[in-house]
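*Asks:* Below is one structure. I have some questions about it.
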Amino acid sequence: MIRFYETYFDTTNFEAADKNERELFRMYQTIKDNDLLYKPSVDILIENDSVVRLYLEPVDYDKIKIHKRQQLQDNNKKVRIESYIQSINNGLYYCIRLKSVNIVDGETLQRQRKFKIEDYN
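The opening residue of the sequence shown carries number 1023 in the working numbering; numbering runs sequentially from there.
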């Protein structure tokens, strides 16, 4: 799937693209320029209302992915991550060193759900 988008972004003329496509292209270019395209990432809630994306090395990601989202939600737990980071761009960060991964009480970030359109006729 990544290769599909890589081909799309590398072959599309974004001078004629709309504003949303240009923004996606800029984000893709930033990720590619920082060699993050094939690195795993997690979305992290900070300050109760902001979500940022943290890119990690696979060995660090493995320490996080062992905690399953549904199990955390069922037990009203969340993963707390402490790390040394490098800011890549607005909302994008790279984990230089993972300091700790702990399970604490709290609500796990929900995934975005798509709207379901019901036919009421």
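For each residue, glycine too, the CB sits at the ideal point set by N, CA and C.
Are three or more beta carbon pairs between the segment 1064-1073 and the segment 1041-1052 nearer than 8 Å?
*Replies:* With the cut-off at 8 Å, the segment 1064-1073 and the segment 1041-1052 do not touch.
*Asks:* Does the contact criterion of 3 or more C-beta pairs under 8 Å hold for the segment 1086-1096 versus the segment 1047-1057?
*Replies:* At 8 Å Cβ cutoff, the stretches do not touch.
*Asks:* Measure the alpha-carbon distance for Y1083 versus A1039 and round it to whole angstroms.
*Replies:* If I take the Cα positions, the gap works out to 34 Å.
*Asks:* When the Cα of T1130 is compared with those of D1071, S1072, V1101 and N1111, which residue comes out closest?
*Replies:* Considering only alpha carbons, the answer is V1101.
*Asks:* Following the continuous alpha helix (DSSP H) through Q1108, name the residue where it begins and the one where it ends.
*Replies:* Premise fails: Q1108 lies in the beta strand (DSSP E), K1099 to N1111, not in any alpha helix (DSSP H).
*Asks:* Tell me which same chain residues have a C-beta within less than 6 Å of the C-beta of L1120, skipping the five on either side of it?
*Replies:* Closer than 6 Å at the Cβ level, and outside the excluded window around L1120, lie D1082 and S1105.
*Asks:* Quick one: Cα of T1034 to Cα of L1114, how far?
*Replies:* Whole-angstrom Cα-Cα distance: 24 Å.
*Asks:* Does I1017 pass the burial test, meaning 16 or more other C-beta atoms within 10 Å, or should it be called exposed?
*Replies:* The structure shown does not extend to residue 1017, since the chain spans only 1023 to 1143, so no value can be given for it.
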